[in-house]
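Enquirer: The sequence shown runs 25 to 557 under the working numbering. Glycine included, C-beta positions come from ideal geometry on N, C-alpha and C.
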Amino acid sequence: MSKVLIIGSGGAGLVSALSAFEAGAEVIVASKTLPTRSQTSMAQGGMNAVLSSDDTIEDHIADTLRSSAGLGDEKQIAFMCEKAPEAITWCNRIGLPFSRDEEGQIARRRLGGASAPRACYAQDYTGLKLLHTLYDQCLKAGIVFKNERFLLNLIVDEETNRVLGATFLHIETGDVEEIRADAVIMASGGYGALYGKHSTNSIQATGDGLAAAVRAGAKLADMEFIQFHPTALKGSSILISESARGAGGYLVDAEGDRFTDELAARDVVARAIHDEMNKSGAVYLDIRHLGEEFINHELPQERKLAQIYEGIDPVHDLIPIKPAAHYSMGGIEVNETCMSSVSGLFAVGECANHKTHGANRLGGNSLLELVVYGRHCGEEALEYALKRPVPDTPNLQLAKDTNFIRGVMYFTNQIDFYQKQEMLANIFYNNVGLVRDDMGLKAVLGAIRQMQKELPFMGPRDKSKICNTNLVEFIEFGNKIELAEMIVVSAISRVESRGAHYRIDAPARNDRMFGAHTITWKEDGVLCADFIQ
25 MSKVLIIGSG GAGLVSALSA FEAGAEVIVA SKTLPTRSQT SMAQGGMNAV
75 LSSDDTIEDH IADTLRSSAG LGDEKQIAFM CEKAPEAITW CNRIGLPFSR
125 DEEGQIARRR LGGASAPRAC YAQDYTGLKL LHTLYDQCLK AGIVFKNERF
175 LLNLIVDEET NRVLGATFLH IETGDVEEIR ADAVIMASGG YGALYGKHST
225 NSIQATGDGL AAAVRAGAKL ADMEFIQFHP TALKGSSILI SESARGAGGY
275 LVDAEGDRFT DELAARDVVA RAIHDEMNKS GAVYLDIRHL GEEFINHELP
325 QERKLAQIYE GIDPVHDLIP IKPAAHYSMG GIEVNETCMS SVSGLFAVGE
375 CANHKTHGAN RLGGNSLLEL VVYGRHCGEE ALEYALKRPV PDTPNLQLAK
425 DTNFIRGVMY FTNQIDFYQK QEMLANIFYN NVGLVRDDMG LKAVLGAIRQ
475 MQKELPFMGP RDKSKICNTN LVEFIEFGNK IELAEMIVVS AISRVESRGA
525 HYRIDAPARN DRMFGAHTIT WKEDGVLCAD FIQ
């Protein structure tokens with residue numbers, strides 16, 4: 025039986041696991057955390073699909089293309105939008121508890137940038153309920169999970185450019201392990217944790233899969249495009265779902281006046297909030313007029329989050345908000361079969377670039393993408409594995425990574441990498457955030473390269489072997505600064521404003537003239553950025 029290794033146990037990984045398993049593969053899911061702790065749980069608003077005669081698939085495609093600011097691939101977007109109704113049917117069949125309208129049909133709401141209410145939802149817990157449903161189905165199927173496995177590197181045969189599996193640090197034991205497979209699916213999530221406390225993401229979203237992929241020879245695309253969600257709680261960056269605005273919530277300034285279209289594209293709304301905060305110092309989300317009964321039924325999570333993290337009750341009080349880093353549009357460049365430039369290495373979800381989001385993701389398309397492409401990716405990976413079983417080729421990657429872990433323990437800890445990590449988050453938010461310019465970007469690049477030089481002096485203080493989270497966090501930090509350089513080099517190279525990449529020193533564009541942006545490493549270790557028309 026062909027073996028498919030899936031790295032990451034969020035929504036994209038679990039959909040791919042079910043798809044490959046149902047097609048006949050032996051499936052192993054390896055993840056550094058427990059499956060239900062995935063970032064998928066933060067996708068609260070809903071999943072787009074055209075289910076009504078009042079809406080059309082053509083309009084869904086057009087909305088997605090418009091939001092992408094000229095960088096979305098129409099063929100890939102059409103594939104996703106056309107498969108959307110089938111994706112909703114599949115989710116409904118496996119038990120996702122969608123909210124229902126008065127007629128008992130799956131309820132839908134309008135999210136920002138959409139021309140119609142097409143986001144199918146489960147209260148304001150859509151992603152979380154999808155995640156739990158998928159995990160239940162995987163457990164029923166008997167899919168093998170290897171949790172507490174931190175990805176170190178992909179195993180690649182250099183002669184054939186073929187992936188053979190991956191190496192992992194087993195956090196619980198401290199041992200370095202390898203898992204061989206006929207095909208590997210990277211579903212490791214995005215890199216929002218680079219922004220630290222300025223992100224809606226969990227601290228686990230450190231981009232480990234992307235860093236491992238580029239070290240293995242894969243290309244990354246459009247890394248400069250990071251979406252800032254307009255409404256995160258001001259004090260904690262906890263996400264307040266777009267469903268609150270989709271239900272009729274208002275954005276108001278310090279005087280209580282509305283100042284923007286709440287359901288414009290996310291990049292437009294986020295910048296409007298940024299500008300207003302610079303003028304008046306505060307912006308609020310107002311859902312008081314929706315009433316307590318509606319809020320308790322449709323937006324229960326938003327009320328709880330505001331009560332817990334801001335100490336206010338949105339039934340009676342304004343919610344203080346700010347934009348925060350939320351979603352990584354860039355990722356591992358893949359073709360129509362979801363395969364990267366490394367043979368046998370597939371990618372799906374937020375770590376992948378299917379060219380469906382371009383420069384700015386349309387709200388409600390992230391869950392849709394992971395279901396549509398997750399199902400597609402699982403099937404394609406198995407088809408590849410059946411035709412090309414992995415050869416029993418000796419490889420030194422396990423020995424290299426075992427020696428790496430031993431070597432890291434000899435790094436000194438003269439410099440506290442946690443302080444450097446916080447510094448990186450702050451300068452990224454200020455200079456690689458909603459508003460950018462050449463001078464600020466180059467200053468950040470200089471700081472990153474200094475951190476890279478200092479890394480051997482930032483080693484873990486904890487030298488123990490078992491459950492060494494200090495070691496894991498140090499390696500995560502190494503991945504962060506590796507990706508940070510790629511993001512900033514890409515942002516400097518793109519001398520234009522487009523979608524989420526807004527430069528005050530460059531003109532705005534929405535055409536395809538500047539093209540997609542790919543990045544990889546040359547043999548001499550120099551970063552190489554190219555624009556592809």
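(1) Thinking C-alpha only, which one of Ala515, Ser488, Leu420 is nearest Ala467?
(2) Go ahead and label Asp285 buried or exposed: buried means 16 or more other beta carbons lie within 10 angstroms of its beta carbon, across all protein chains shown.
(3) Applying the 10 Å Cβ sphere with the 16-neighbour rule, what's the burial state of Gly37?
(4) Any idea if Tyr145 is buried or exposed, counting beta-carbon neighbours within 10 angstroms, 16 or more meaning buried?
(5) Which residue comes first and which comes last in the beta strand (DSSP E) that contains Met210?
(6) DSSP three-state label for Arg312, please.
(7) Less than 8 Å between the beta carbons of Ala190 and Leu391, yes or no?
(8) Just how far apart, CA to CA, sit Val459 and Phe103?
(9) Could you have a look at Pro347 and say whether DSSP puts it in helix, strand or coil?
(10) When you compare only the Cα positions, how much space is there between Leu342 and Met363?
(11) Would DSSP call Ile52 helix, strand or coil?
(12) Have a look at Asn455, Thr417, Ala296, Asp440 and flag the residue whose alpha-carbon is nearest the alpha-carbon of Asp181.
(13) Evaluate His313 with the Cβ neighbour count: other Cβ atoms within 10 Å of its Cβ, from every protein chain shown; 16 or more gives buried, anything less gives exposed.
(14) Considering only residues of the same chain and omitting the five flanking positions on each side of Val187, which have a CB-CB separation below 6 Å?
(15) Would you call Ile528 buried or exposed, if buried means 16 or more other Cβ atoms sit within 10 Å of its Cβ?
(16) Would you call the stretch 471-483 and the stretch 202-222 in contact, with 3 or more CB pairs under 8 Å?
(17) Could you tell me the alpha carbon to alpha carbon distance between Arg399 and Met463, rounded to whole angstroms?
(18) Could I get the ranges of all uninterrupted beta strand (DSSP E) runs contained in the stretch 458-514, with 3 residues as the minimum, in chain order?
(19) Alpha carbon to alpha carbon, what distance is there between Asn437 and Phe122?
(20) Express the C-alpha separation of Leu287 and Tyr333 in angstroms, rounding to a whole number.
(21) Considering Cα atoms alone, identify which of Leu263, Asp246, Glu248 is closest to Pro254.
(22) List the residues that DSSP assigns as beta-bridge partners of Cys144.
(23) Look up Asp181 in the DSSP assignment and give the residues it is bridged to.
(24) On the premise that Arg142 lies in contact with Ala86, defined as a C-beta separation below 8 Å, what is that separation, rounded to the nearest angstrom?
(25) Could you name the residues of the same chain whose beta carbon sits closer than 8 Å to that of Ala409, not counting the 5 residues immediately before and after it, in chain order?
(26) Leaving out the 5 sequence neighbours to the left and right, which residues in its chain are closer than 6 Å to Ile311 when beta-carbon positions are compared?
(27) Could you give the C-beta distance for Ile250 and Ala349, rounded to a whole number, given that I count them as a contact under 8 Å?
(28) In the DSSP output, what is Val28 paired with across the bridge?
(29) Hey, out of Lys221, Ala111, Glu300, Asp291, whose CA is closest to Asp571's CA?
(30) Out of Thr157, Arg61, Gly335, which has the shortest C-alpha to C-alpha gap to Ala229?
(31) Can you tell which of Gln421, Ser40, Leu152, Leu218 has the C-alpha that lies nearest to the C-alpha of Val456?
(32) Note down the Cα distance separating Lys258 from Leu155, rounded to an integer number of angstroms.
(33) Excluding the 5 residues flanking Gly198 on each side, which residues of the same chain have their C-beta closer than 7 Å to its C-beta?
(34) Three-state secondary structure (DSSP) at Ser91?
(35) In angstroms, rounded to a whole number, what distance separates the CA positions of Ser33 and Gly233?
(36) Can you find the residues in the same chain that come closer than 7 Å, C-beta to C-beta, to Val512, ignoring five residues on each side of it along the sequence?
Expert: According to the data block:
(1) Ala515
(2) exposed
(3) buried
(4) buried
(5) 207-210
(6) helix
(7) no
(8) 33 Å
(9) strand
(10) 46 Å
(11) strand
(12) Thr417
(13) exposed
(14) Leu178, Val180, Val208, Val366, Gly368, Leu369
(15) exposed
(16) no
(17) 43 Å
(18) none
(19) 50 Å
(20) 25 Å
(21) Leu263
(22) Met71, Arg132
(23) Arg186
(24) Not quite, the Cβ-Cβ distance comes to about 12 Å (not below 8 Å), so this is no contact.
(25) Ser26, Lys27, Val28, Ala49, Ala205, Asp206, Ala207, Gly368
(26) Ala268, Gly273, Pro338
(27) 6 Å
(28) Val51, Ala207
(29) No answer is possible for residue 571: the residues shown for the chain start at 25 and end at 557.
(30) Arg61
(31) Leu218
(32) 27 Å
(33) Lys489, Ile490, Asn492
(34) helix
(35) 12 Å
(36) Val456, Leu465, Val468, Leu469, Ile472
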